Amino acid sequence: MRTFIYIFLVLFPGFVIGNNQNNDYGSIRGFVSTSDGYPAVYVSVLIKNTGKGIITGDNGNFEFKKIKPGTYMVRFSMLEHTYFDTTIEVTQNETIFLKIQLRSTVAELKKVIVAANFSPNYVATKPSESLRLDVPLIEVPQNITVIPHQLLSDQGLVSMSEAIRNVSGVTKFYGVMNDYSLIIRGFWASVNVFRNGVGGYWWNQQEDAAMLEKIEFVKGPAGFMFSMAEPGGIVNNVTKQPTRDRIATVEEGFGSFNLLRLSTDLGGALSKSGKLCYRFNAGVHKQDRAFQFGKAARYFICAALRYEPNKKTAITAEFNYMYGKTSGNNDGLPALNGKMFQLPGNFAIAGPGSTGAIIAIDNYYRLKFKHEFNDNWNLNVQVASVHGPWGGYSLNSDGSIPVSNDTLYRVSSYDHYINYSNPSEAFMDGKFHTGRKIEHKVLLGVDYYYYGSKGRHGDTWGEKRLGIYIPSPDYYVPPDSLRNFVIGSLFGGSVKRIGLYMQDHIKIAGKLVVTLAGRLTHATTDQQNDWTPDDQKKTTDNVFTPRAGLTWLFGDNASVYALYDQCFLPQTGRNYDNKLFKPVTGFNIETGLKSYFFNKKLNINLSVFNIVRNNGLTPDPLHINYWIETGQAISKGFEIDMMGYITPALIVSANYGYSDATITKDTDPNIVGGTIIGMAPHRGNLWLNYKLLHRKLKGMSFGMGYQYGGKRRANNIWDPDKTKFLPGYNLLDAAVSYRNEHFNISFNIYNIININYATTGFFDQSGGWRYTPGEPINFRLSFSVNLIHQKKEK
6 MRTFIYIFLV LFPGFVIGNN QNNDYGSIRG FVSTSDGYPA VYVSVLIKNT
56 GKGIITGDNG NFEFKKIKPG TYMVRFSMLE HTYFDTTIEV TQNETIFLKI
106 QLRSTVAELK KVIVAANFSP NYVATKPSES LRLDVPLIEV PQNITVIPHQ
156 LLSDQGLVSM SEAIRNVSGV TKFYGVMNDY SLIIRGFWAS VNVFRNGVGG
206 YWWNQQEDAA MLEKIEFVKG PAGFMFSMAE PGGIVNNVTK QPTRDRIATV
256 EEGFGSFNLL RLSTDLGGAL SKSGKLCYRF NAGVHKQDRA FQFGKAARYF
306 ICAALRYEPN KKTAITAEFN YMYGKTSGNN DGLPALNGKM FQLPGNFAIA
356 GPGSTGAIIA IDNYYRLKFK HEFNDNWNLN VQVASVHGPW GGYSLNSDGS
406 IPVSNDTLYR VSSYDHYINY SNPSEAFMDG KFHTGRKIEH KVLLGVDYYY
456 YGSKGRHGDT WGEKRLGIYI PSPDYYVPPD SLRNFVIGSL FGGSVKRIGL
506 YMQDHIKIAG KLVVTLAGRL THATTDQQND WTPDDQKKTT DNVFTPRAGL
556 TWLFGDNASV YALYDQCFLP QTGRNYDNKL FKPVTGFNIE TGLKSYFFNK
606 KLNINLSVFN IVRNNGLTPD PLHINYWIET GQAISKGFEI DMMGYITPAL
656 IVSANYGYSD ATITKDTDPN IVGGTIIGMA PHRGNLWLNY KLLHRKLKGM
706 SFGMGYQYGG KRRANNIWDP DKTKFLPGYN LLDAAVSYRN EHFNISFNIY
756 NIININYATT GFFDQSGGWR YTPGEPINFR LSFSVNLIHQ KKEK
């Protein structure tokens, strides 16, 4: 028991500190701006002769609590540049507000920051504007984990789906270079991915790491963002945004399998006043694959402009174009004699001339308007449009046909899908007080979404005419036979949705936060297919989903919270009587702890959750290609995430998640008790990076990573055999880099011990094991140059 208490106090000291606070003290709050009126960051604020000091954050704010009544001198400085001192009088139970304006402009302040070689910040204290929540993360009653771009760079990661190693409770279900599907807390999250708050879209092309500023993972239903989504959680990718600071970097990368990358990041003011600024990111990524004949390419352009006609108004326009092309595959390799990984590591399903190619394109347009009426109230309006095609001809393993006489049978298929989303949203947030100790932070939002997809599909599934002899494969296939099949009629669906969201974030006496919210959704689903009767193709739902949370603040660095949140998602499909299905409903009950350490340089989150998902669909055992609506699944588990500096030289990103997602209700008793396919109940990751801070090797750093993926259920939920699991795996990575003001060079190596593991896979009673092998040992070498500083050196 003593050991437990000691560990608890070390991890969450704020809980004890908070209990000793009383009302015999005053406090000091303030805002520091530059001479041109913008928030001043990294300004040191010191109360002389007290030992109390703090550094302003990204918004220029600072706050001291629990200050004894008396007269104090407060000093505002930037490194060795002291700007001025001011004398204040602190009285009991009162808060003094200081509004300080420095003599330096934001550009001059930036030069001082760069000269100081400040360490990157790995800990976010507030969510991005696109999440709508304009409150500190410590006060939000929900697990929200933010992955910064710097961490992705440290680890040498090149795509969004690789970043999930830095967050608990998230697993990749499928996807390599193009689209991807995630499992969050045991449930699919395929359409739960956003970019700058734009959702309702199945992304054809996943984001390149070079275009991202950070990634926000919101666990559980997130009604404040989107009313129609799976209950496990959402992901919000935040692209690099316009800035007044001059940015000009070029990065080049090389690696295993003929990897070649080139990207650029440009930004800065386009006018002397700084009212018009821009950001431009572009890049190309090409590589072969670990298996023969496999190739992949990705191109992206991200351009954004921001215009500020005055200090209270900003207009941002952004365009993203992403193109990806992949050919060849090694998905669905068969086990031989019941054992995986018996085939050569470079074994391919298809060869030259028969590989086909999948092309994926995304066109993204966004226009955002923000206006600050005063210090307390803001208006945000955003409209966007995303659309693009995905598909092509491909040759894949046919998992329904067993390997016979060393012959692997393949399926030729054609897919062509058009995905689209057209959202419009407006929300206002502000604060007011009812009494001296009750603060209300209100969010009022309305949004309209029109999104969906349509496409055609055809294949040779189940036909034994495209076999390949495994011991001596002959990859030639007559081109006509690859396309000799029927392509079905157009099918798809769309959703029109209007939502109204209201939230009151009530802070009482600076300690207790009560969150009361609700979303009213009117949704019309239009099913475009041949099997649904015309009078049933459109359905309408009117749903209210409430949200309630409690947060107790133990000072600025620790909190405990509890949350109840509901979800809602319409469904398409048919039962044998051609009756439409009810929408998915469910709720999440969650509690957790949040804590910061070392002046908010280290963050630790712990959460426990219970998610219920109703009206799930299961196949009709009496009628092929039909579904029955009876299922219920419950996911229970806990998560812990740690990120930031343990010491000024040691950086850590560590997480562990446990999710027990099981079927609890179904008409088929064999299904009840089974786990969700593809979900790993246990998953953990660790990344350590040690930087040398002194002498000649200053700027050198060494990294070590560990990834653990637990076993995952590999057969469908209606299979009575509940013993088929993909094996777990352990991966080791390492890195070495050197960084200074002018350039950065880094070398990363992955899967050092070169183990065999399956990224995805399944077991079919008729076809046996099928799996997709993970990458063998491989490396990436990158070199980036800061062109701005290079020019100054000359």
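Everything in the sequence shown is counted per my numbering, starting at 6 for the first residue and increasing by one.
Ideal Cβ placement from N, Cα and C applies to all residues, glycine included.
This structure is a prediction, so every number in the text was calculated from the model and none was measured.
What residue range does the alpha helix (DSSP H) around residue i cover?
i    : result
H747 : From DSSP, H747 is part of no alpha helix (DSSP H); its letter is neither H nor E.
D485 : P484 to L487
Using a threshold of 9 Å, state whether the C-beta atoms of residue i and residue j are closer than that.
i    : j    : result
A322 : L372 : yes
F437 : Y506 : no
G204 : P428 : yes
Q642 : D665 : A small correction: the amino acid at residue 642 is Gly; Gln does not occupy that position in the sequence shown. Yes, Cβ-Cβ distance for G642 and D665 is below 9 Å.
L448 : F229 : yes
G397 : Y419 : yes
K606 : V128 : yes
R266 : V163 : yes
T96  : G191 : no
R502 : Y566 : no
R34  : T76  : no
S402 : P357 : no
D531 : I475 : no
L487 : L400 : yes
Y326 : N368 : yes
S38  : Q106 : yes
L568 : N604 : no
L558 : V518 : yes
R785 : Y762 : no
V589 : E235 : yes
G460 : L495 : yes
R688 : S173 : yes
A365 : P394 : yes
A739 : F707 : yes
Name the two residues that bound the continuous beta strand (DSSP E) containing residue i.
i    : result
H699 : No beta strand (DSSP E) contains H699, which DSSP labels as neither H nor E.
P551 : K543 to L558
L157 : Premise fails: L157 lies in the alpha helix (DSSP H), H154 to D159, not in any beta strand (DSSP E).
F199 : V198 to R200
P367 : According to the sequence displayed, residue 367 carries Asp and not Pro. Where D367 is concerned, the enclosing beta strand (DSSP E) stretches over I363 to E377.
L525 : L517 to Q533
E468 : Premise fails: E468 is in no beta strand (DSSP E) and is neither H nor E.
I494 : Looking at the sequence shown, residue 494 is not Ile but Ser. Premise fails: S494 is in no beta strand (DSSP E) and is neither H nor E.
N325 : T318 to S332
E218 : L217 to K224
S268 : L264 to A274
A355 : No beta strand (DSSP E) contains A355, which DSSP labels as neither H nor E.
R785 : N783 to N791
Contact check, residue i vs residue j under 8 Å by CB: the rounded distance?
i    : j    : result
G273 : D250 : 7 Å
N197 : T244 : The pair is not a contact, with the Cβ atoms about 18 Å apart (cut-off 8 Å).
V491 : G463 : 5 Å
F262 : N759 : Between N759 and F262 the Cβ distance is about 14 Å, and since that is not below 8 Å, they are no contact.
N610 : I645 : 7 Å
G710 : Q160 : 7 Å
G65  : F36  : 5 Å
R718 : I681 : 7 Å
K442 : A514 : 4 Å
S840 : S771 : Coverage of the chain is limited to positions 6 through 799, which leaves residue 840 absent and any answer about it impossible.
Taking the DSSP output, what are the residues bridged to residue i?
i    : result
N427 : Y455
P2   : With the chain covering only 6 through 799, there is no way to say anything about residue 2.
P778 : A763
Q292 : A301
I473 : L413
D738 : G710
A659 : M647 and L691
P339 : R775
F801 : No answer is possible for residue 801: the residues shown for the chain start at 6 and end at 799.
F81  : V50 and F89
Can you check whether the C-beta of residue i is within less than 9 Å of a C-beta belonging to chain C?
i    : result
R137 : In the structure shown, chain C cannot be found, because there is only a single protein chain.
Exercise for review: Evaluate the contact criterion for the stretch 177-185 versus the stretch 217-224: three or more CB pairs, one atom per stretch, below 8 Å.
Suggested key: No contact exists between the stretch 177-185 and the stretch 217-224.
Check your understanding: Counting pairs of Cβ atoms below 8 Å between the stretch 41-48 and the stretch 56-70, do you hit three or more?
Key -> Touching, per the Cβ criterion.
Practice item. Count the C-beta pairs between the stretch 731-750 and the stretch 307-326 that are closer than 8 Å, then say yes if the count reaches three, no if not. Key: With the cut-off at 8 Å, the stretch 731-750 and the stretch 307-326 do not touch.
Check your understanding: On the three-pair Cβ rule with 8 Å, is the stretch 324-337 touching the stretch 271-285?
Key -> Touching, no, given that fewer than three Cβ pairs across the two stretches are closer than 8 Å.
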